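Presented below is the structure to which this report refers.
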Amino acid sequence: MRAAAVFAHEIGYPLNLCIDINWTRTWLGDDPDGQVLSHLMELNRKWLKPRYCEVFAQIAVRENPDCHPNTHILVHCPPAVLSQFKQQLRSALSDACRRLDKGAIKFTPVGSGNATLQATLGKLDYMCKGISPEEAAVLGINPIAQGSIYGKPYSISQDIHRAARRRYAEGAEG
Numbered sequence: 283m284r285a286a287a288v289f290a291h292e293i294g295y296p297l298n299l300c301i302d303i304n305w306t307r308t309w310l311g312d313d314p315d316g317q318v319l320s321h322l323m324e325l326n327r328k329w330l331k332p333r334y335c336e337v338f339a340q341i342a343v344r345e346n347p348d349c350h351p352n353t354h355i356l357v358h359c360p361p362a363v364l365s366q367f368k369q370q371l372r373s374a375l376s377d378a379c380r381r382l383d384k385g386a387i388k389f390t391p392v393g394s395g396n397a398t399l400q401a402t403l404g405k406l407d408y409m410c411k412g413i414s415p416e417e418a419a420v421l422g423i424n425p426i427a428q429g430s431i432y433g434k435p436y437s438i439s440q441d442i443h444r445a446a447r448r449r450y451a452e453g454a455e456g
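Note that this note's numbering has the sequence shown beginning at 283, numbered continuously upward.
Here it is, written out as structure tokens:
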């Protein structure tokens, strides 16, 4: 995940917005299999990529501490369309969950609006606190148990995933 965040930053699409979803504050109460999150990621891609970004850069991490399921998302959103993007996402989440209570979704600019690579990686490390102790040791993260989840614990958009990074590197060499 760190390599994807670094890549996004290096090619000019820094992960500048953090979105936190508290599933217990939605009518659904949970997204146990991650299908709503997958749907939201696809809607985000369809909204951002054709109009505002050549590269769709997004990382999402699911966790379930103390049976309070939530999701953290880092995404690149051009500042000029940030308010429209927030409205679109809030509307899509409301449609998918039928109802959102206050506090169901929170938007926070990475680095207080200065999305440096250091700020992005710091936020990503926080998001990844629930990874295995072995993976945490490699990254220098203090792991904290985040409960059981079903399905994929994290997702990375295709444009910054391993295969895309490999293609980009091969193109730069040739």
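The C-beta atom is built at its ideal place from N, Cα and C for all residues, glycine as well.
None of the values given here were measured: they were computed from a predicted structure.
Own chain, CB closer than 7 Å to residue i, minus 5 neighbours either side, in chain order
{"i": "I443", "result": "For the record, residue 443 in the displayed sequence is His; it is not Ile. Same-chain partners within the cutoff: A286."}
{"i": "F338", "result": "R327, L330, K331, S439, D441"}
{"i": "D312", "result": "W305, P351"}
Cα-Cα separation between residue i and residue j, rounded to whole angstroms
{"i": "P415", "j": "I426", "result": "9 Å"}
{"i": "L403", "j": "R380", "result": "33 Å"}
{"i": "L310", "j": "V357", "result": "24 Å"}
{"i": "V420", "j": "K405", "result": "17 Å"}
{"i": "E292", "j": "Y450", "result": "11 Å"}
Beta-carbon contacts of residue i that lie in its chain and below 6 Å, excluding the five residues immediately before and after
{"i": "A401", "result": "V392, G393"}
{"i": "L382", "result": "T308, S376"}
{"i": "F367", "result": "C359"}
{"i": "Y334", "result": "P360, V363"}
{"i": "Q370", "result": "W329"}
Beta-carbon spacing of residue i, residue j below 7 Å
{"i": "C300", "j": "T398", "result": "no"}
{"i": "I303", "j": "I387", "result": "yes"}
{"i": "V343", "j": "Y408", "result": "no"}
Own chain residues within Cβ distance below 8 Å of residue i, not counting five before or after
{"i": "L364", "result": "L299"}
Next on the checklist: Which runs of the alpha helix (DSSP H) at least 4 residues long sit entirely within the segment 300-374? Give them in chain order.
Outcome noted: The DSSP assignment places complete alpha helix (DSSP H) segments of no fewer than 4 residues inside the segment 300-374 at 317-334, in order along the chain.
Item to check | Validate contact between the segment 349-365 and the segment 310-324 using beta carbons, cut 8 Å, 3 pairs | outcome: Put simply, the segment 349-365 touches the segment 310-324. At least three CB pairs are less than 8 Å apart.
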